[in-house]
Amino acid sequence: MKNNKKKYALVIILILFIAFFSSQCMMTRTNTESKKTVAVILPYTYNKENSRILDAIRDYSHNNSIILDVWHEKSLSSNELSSIIANEEQNHAIGILLIYPENYLTQQEKHYDYNNVLAITATMQTAFSHYAAFENSPSPSYLLPVSAQVIKKIQDGKTNCIYIKNTYKLGYESIQMLDTYSRNKYMKDISIPCHKVDKAAIESGELDALLTN
Amino acid sequence: MNNKKLSIRVLFPLIMSISIVFCILSCMILFSHYISTYLVRKTIEETSRQKNVLAQNIENEIDSINSIMNNIYYNTIKKYDIQDKNFKTILANEITSNSETIYGLALYDTDGKNLWHSNNLTSTSMQNESWFTQAKDNIETICYGSKKLVYPDNVKQVFQISRYVEYINHGKMKSGVLLMQYYTDSIDAILEHYKNTQNSYCYLLDNTSNFLYHPFIKEISSGLYKENTTKIALNSTNYSIKKLHGTKWLIERQQIGYTGWNIVLVSSLFNIHTENMGIYYVIWLLLLIVGIILVFTDILLFHDFTNPVYQLLDTMQEFGKGNYEVKAAENGIGELKTLSAHFNIMAEKLQNQMGEIRRNEREKRKMEKKLLQSQINPHFLYNTLDSIIWMIQSGEYKGAEQMVSSLAKFFRISLSQGKDIIPLEKELEHATSYLAIQNIRFKDKFEFSVQADKKLLHYLCPKLSIQPLLENAIYHGMEGVYDDGEITISVYEKDNLIHIDVSDNGLGMPEKVVEYIMHNRVVSSKRGSGIGVRNVDERIKLIYGEQYGVTIESELDEGTTATIIIPKLEETAEINSDESNKTKL
Chain G
1 MKNNKKKYAL
11 VIILILFIAF
21 FSSQCMMTRT
31 NTESKKTVAV
41 ILPYTYNKEN
51 SRILDAIRDY
61 SHNNSIILDV
71 WHEKSLSSNE
81 LSSIIANEEQ
91 NHAIGILLIY
101 PENYLTQQEK
111 HYDYNNVLAI
121 TATMQTAFSH
131 YAAFENSPSP
141 SYLLPVSAQV
151 IKKIQDGKTN
161 CIYIKNTYKL
171 GYESIQMLDT
181 YSRNKYMKDI
191 SIPCHKVDKA
201 AIESGELDAL
211 LTN
Chain E
1 MNNKKLSIRV
11 LFPLIMSISI
21 VFCILSCMIL
31 FSHYISTYLV
41 RKTIEETSRQ
51 KNVLAQNIEN
61 EIDSINSIMN
71 NIYYNTIKKY
81 DIQDKNFKTI
91 LANEITSNSE
101 TIYGLALYDT
111 DGKNLWHSNN
121 LTSTSMQNES
131 WFTQAKDNIE
141 TICYGSKKLV
151 YPDNVKQVFQ
161 ISRYVEYINH
171 GKMKSGVLLM
181 QYYTDSIDAI
191 LEHYKNTQNS
201 YCYLLDNTSN
211 FLYHPFIKEI
221 SSGLYKENTT
231 KIALNSTNYS
241 IKKLHGTKWL
251 IERQQIGYTG
261 WNIVLVSSLF
271 NIHTENMGIY
281 YVIWLLLLIV
291 GIILVFTDIL
301 LFHDFTNPVY
311 QLLDTMQEFG
321 KGNYEVKAAE
331 NGIGELKTLS
341 AHFNIMAEKL
351 QNQMGEIRRN
361 EREKRKMEKK
371 LLQSQINPHF
381 LYNTLDSIIW
391 MIQSGEYKGA
401 EQMVSSLAKF
411 FRISLSQGKD
421 IIPLEKELEH
431 ATSYLAIQNI
441 RFKDKFEFSV
451 QADKKLLHYL
461 CPKLSIQPLL
471 ENAIYHGMEG
481 VYDDGEITIS
491 VYEKDNLIHI
501 DVSDNGLGMP
511 EKVVEYIMHN
521 RVVSSKRGSG
531 IGVRNVDERI
541 KLIYGEQYGV
551 TIESELDEGT
561 TATIIIPKLE
571 ETAEINSDES
581 NKTKL
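Chains as they are written, first to last, in full-length UniProt numbering: chain G, 1 to 213; chain E, 1 to 585.
The following block contains the structure:
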């Protein structure tokens, strides 16, 4: 009987130990979503047209627990690109986003065959396995943000209409595609249509948020 | 049929454990519910507090805007004629000094015709504009209209704020509408202070439910996001909790002053639970541990309680198998200990009783054995045969014949087909046969007579009851008597009992001798039956009960009377079968 009591006592002490350490682990454990990393390679010099793309990337990242690993490149060879990609893959990046690589890649005729790379490009669609670009649009077309003078001309009736390329949507859908790729390993090309802006559209106020600087 | 017995050692801990599990689960559910409710309540309170802060800040900003508007109205428009140079100068200065907040000012008459405007506004008629008609219809209040895109350097947005005014034109007071285009930056800045995330954000609606501010306005404009809470917010009074896309959302709304604007705060309750999952885990784990400990403790305690019961059970089983020496250990507490103690007392009493029964059985068998032995006592036979031979040799043929006849009768009745209880008639016959033989042997030393109530002769009597008393009377009573000895056998009824007196007129015996004879195994003669008076007494008591038996009354020099007292027992079939069974044995 005494042996049984000893056994029970030992078991109870063991359970208490487990309980104590488990609760310690539980208290320090966080239940927030684990962060993912996306590498973004940008042209070195600031471009106003990239601002909306970056806004979109930042907005999406903020809402979806994504950390951005930003590279600013003046020029990049294919080897250097490979090296960056390998580096980022080692750091468990879910994907690499190239923003207008035509502004910094030295070997633009080459084909860059990477499954986890998405390039936002205007001229290098064929160079990458996956790209994000605008559809062909009639002129005049403008990348967001559009200058006040252009809008004023439409408002004043001096210009009938223009076509805007929603760079915010381009950037948003690009990083969204990389996020989706991290979950189901599927990536496809992104093609954003242009949006017609005339006086009525401006006066309706629907595009105010996009047109505002 | 399933005859398996369910042990209480399994059943009770099982029931207790199930109860404990049920209680623990209930506690888990209650705790979870309480914590959920608490977290939701806290979230509602916190969101409400933040909503109040935001609303207050917006109202303060609106007050500030109203102050500017009223200042322009009362200090310039109402004071100066619009034709006056000062009018235009002061207003231009007003715009310049507030260029960061005011985009433009304009004054219109009641027909919408522009009377004055700042540089960046046009003189277009605004009769159909909503802000114009609102201001005209609400004379007392400042109206906050929709947003508008303006193009100072960049593309920006302004609020169109208007009010009914009275202006002076050519010295005459006239009615009109003042328009102020106020940058949205200040209001946006207040709302951006709320840390907007996808799970917790705020937005501002104008009086036509259009977005004045939304943290995801670019996504909404790009078709990447849809706000589903607007209708729910406008339909609720203070707050509501709704399930959208599989998760619960807290939606709080508050109207801003008299602007007709609504500030809406949206929070995901799923996120709150997820972030506080640690609390749930700790409580569940603790409750689980408590439950396990309770189950263990209950099993352990019940085991300790039931151990003495099972030990007692084992002891009882041992006892039942025939091991009467076994004793129960008086362990346990309270009634359990008492149970063991009482069992031991009962076992001891049972043991004693069984011992007594065994002793009685042994005695009975001994007596039966003796009885059997006495039925064919060789010494008596030899002596009697010797006497017969002597009598034949002496030519006393009559005497020899009488002796042989008596002897035959004596042994026939002695054996009685193995019966222990025979009719009184037979016993008397046996006794008289014995007396006849002894009388001849002792050369008529004594006379004997039998006086028996004939009505009692059919009643039963234990075999060899009278003969030992006669033996006593002959060997002790007739001692010192030469030829005038008298032995009398009387059989009579008294108090509904049969009395058999064996009396002699011998020397008698003192009290001590009587006591000695009654309480010791005294055999009168080795040549006799071998059964003493005490044996006769014990046999009678064994057969009939303690109230029957043998008594001896003796008076010195007078004689002795030994009395057998037995009940009136008639021969029945049961007695016959008992007797036949004994014979078989």
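All residues carry an ideal CB built from backbone N, CA and C; glycine is no exception.
Treat the numbers as computed from the prediction; the structure is a model and nothing was measured.
query, result
"Under the three-state DSSP convention, the category E/ALA452 falls into", "strand"
"Residue ranges of each alpha helix (DSSP H) within the region 136–182 of chain G, 4 or longer", "148–155"
"Chain-ordered chain G contacts of E/THR197 [CB-CB under 9 Å]", "HIS62 and ASN63"
"Any C-beta of chain E under 8 Å from that of G/ASN115", "no"
"Closest residue to G/ALA127 among G/VAL150, G/TYR114, G/PRO138 and G/SER137 (Cα-Cα distance)", "G/TYR114"
"Contacts around E/LYS526, its chain only, beta-carbon distance under 6 Å, and the 5 residues preceding and following it disregarded", "For E/LYS526, the predicted model reports a pLDDT of 49, less than 50, meaning its position is unreliable; a value from the coordinates is still stated below. Within the same chain, E/LYS526 has no close Cβ partners at all."
"Inter-residue Cα distance where the pair is E/THR384 and E/SER503", "24 Å"
"Distance CB(E/ILE241)-CB(E/LEU287) smaller than 8 Å", "no"
"First and last residue of the uninterrupted alpha helix (DSSP H) at E/ASP304", "277–321"
"Backbone CA spacing between G/HIS130 and G/LEU178 [nearest angstrom]", "11 Å"
"Interface residues of chain G facing E/ILE217 [CB-CB closer than 7 Å]", "ALA209"
"Spatial distance of G/VAL197 from G/ILE162 (CA atoms)", "5 Å"
"Short CB-CB distance (under 8 Å) between G/TYR172 and chain E", "yes"
"Short CB-CB distance (under 8 Å) between E/SER186 and chain G", "no"
"Where E/MET367 falls: helix, strand or coil (DSSP)", "helix"
"Straight-line Cα distance separating E/ILE256 from residue 592 of chain E", "With chain E covering only 1 through 585, there is no way to say anything about residue 592 of chain E."
"Chain E contact for G/VAL70 (CB, 8 Å cutoff)", "no"
"Selection of the region 189–200 of chain G by Cβ proximity to chain E, strictly under 7 Å", "none"
"8 Å Cβ cutoff, E/LEU157 in contact with chain G", "Contrary to the premise, residue 157 of chain E reads as Gln rather than Leu in this sequence. At least one chain G Cβ lies under 8 Å of E/GLN157."
"DSSP beta-bridge partners of G/TRP71", "G/ILE41"
"Beta-carbon contacts of E/LEU149 that lie in its chain and below 7 Å, excluding the five residues immediately before and after", "VAL155 and GLN157"
"Under 7 Å from the C-beta of E/GLU154: neighbouring residues of chain G", "Note that residue 154 of chain E is Asn in the sequence shown here, rather than Glu. Those are ALA148 and ASN213, listed as they occur along chain G."
"Simplified DSSP state of E/ILE474, which is helix, strand or coil", "helix"
"Beta-bridge pairing of E/VAL150 - partner residues as DSSP gives them", "E/LYS156"
"Residue 215 of chain G versus G/VAL70: straight-line alpha-carbon distance, rounded", "With chain G covering only 1 through 213, there is no way to say anything about residue 215 of chain G."
"Contact set between the region 29–48 of chain E and chain G, restricted to residues whose Cβ is under 9 Å from the partner", "none"
"Contact with chain G by E/SER222, beta-carbon distance below 8 Å", "yes"
"Touching by the beta-carbon criterion (3+ pairs, under 8 Å), the region 298–316 of chain E and the region 326–334 of chain E", "yes"
"C-alpha distance - G/GLU173 paired with G/ILE190, whole-angstrom precision", "8 Å"
"Residue-chain proximity (E/ILE289, chain G), Cβ-Cβ < 8 Å", "yes"
"Per-residue contacts from E/TYR151 into chain G (C-beta, under 7 Å)", "ALA148, ILE151 and LYS152"
"Proximal chain E residues relative to G/LYS169, where beta-carbon distance stays under 7 Å", "SER222 and LEU224"
"9 Å Cβ cut-off: residues of chain E touching G/ILE15", "ILE289, ILE292, ILE293 and PHE296"
"E/ASN196 burial status per 10 Å Cβ neighbour count (16 or more: buried)", "buried"
"For G/LYS165 and G/ALA148, the rounded distance between their alpha carbons", "16 Å"
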